[in-house]
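Under the numbering used here, the first residue of the sequence shown is numbered 66, with each subsequent residue one higher. These notes are about the structure you will find just below.
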Amino acid sequence: MKKVFKIMKIKFLSNIFELHRHIHGKVAKAPNKYDDTYSTLLIDLIDEAMYSLAKANRKIPKTAAEYNERKKYISTAIGCLRKMQRPLIFYFNIMNYSEKALCEMSDKISNELKLLYALNKSDKERFGKLQ
């Protein structure tokens with residue numbers, strides 16, 4: 066099987082993978098009658114966020130174009146995670162999950178966002194002057 070891209074062991078990736086598994090697990094346990102609520106939206110957003118971060122990390126940028134592409138993927142992931150906040154609250158309410166479970170999920174998303182904002186800052190310092 067051909068490798069599409071290399072995934073390095075980096076905190077923001079391990080966190081998004083864990084978050085991805087956790088959200089899929091919560092949605093998979095939901096009764097089918099809730100499939101048309103917020104479950105599909107949450108799955109689509111977390112899938113896009115995880116895929117975007119995997120793409121962003123496929124190689125270290127050596128040109129400005131590669132850096133801009135990486136930045137675009139990271140921005141996409143940030144946008145997806147930010148869009149998840151509101152539907153997540155509604156979904157957890159519909160599913161009658163505990164406040165503790167909601168806070169844990171929200172904290173995981175917030176931690177991932179902090180890592181991605183820090184990554185953007187670090188990348189700008191490392192790759193911002195590429196030509």
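Don't be surprised by glycine CBs; every beta carbon is placed ideally from N, CA and C. Source: prediction; values computed, not measured.
Is it right to say residue i is buried, meaning 16 or more other beta carbons lie within 10 angstroms of its own, or is it exposed?
i, result
"residue 122", "buried"
"residue 177", "buried"
"residue 104", "buried"
"residue 155", "exposed"
"residue 182", "exposed"
"residue 135", "buried"
Are residue i and residue j touching if we call contact CB-CB under 8 Å?
i, j, result
"residue 146", "residue 125", "no"
"residue 184", "residue 129", "no"
"residue 132", "residue 82", "no"
Quick check on this structure: which residue in the options has the alpha carbon closest to the alpha carbon of residue i?
i, options, result
"residue 75", "118, 130 and 107", "118"
"residue 167", "88, 77 and 111", "88"
"residue 116", "169, 77, 152 and 162", "77"
"residue 110", "94, 153 and 79", "153"
"residue 161", "112, 190 and 95", "95"
Among the residues of its own chain, which have a CB less than 8 Å from the CB of residue i, if the five just before and after it don't count?
i, result
"residue 108", "88, 89 and 92"
"residue 139", "117, 118, 121, 181, 184, 185 and 188"
Return the chain-ordered list of same chain residues with a C-beta closer than 6 Å to the C-beta of residue i, the five sequence neighbours on each side being excluded.
i, result
"residue 70", "Low per-residue confidence applies at residue 70: pLDDT is 41, beneath 50, and the placement is therefore not dependable, though the value from the model is reported in the following sentence. 123, listed in sequence order."
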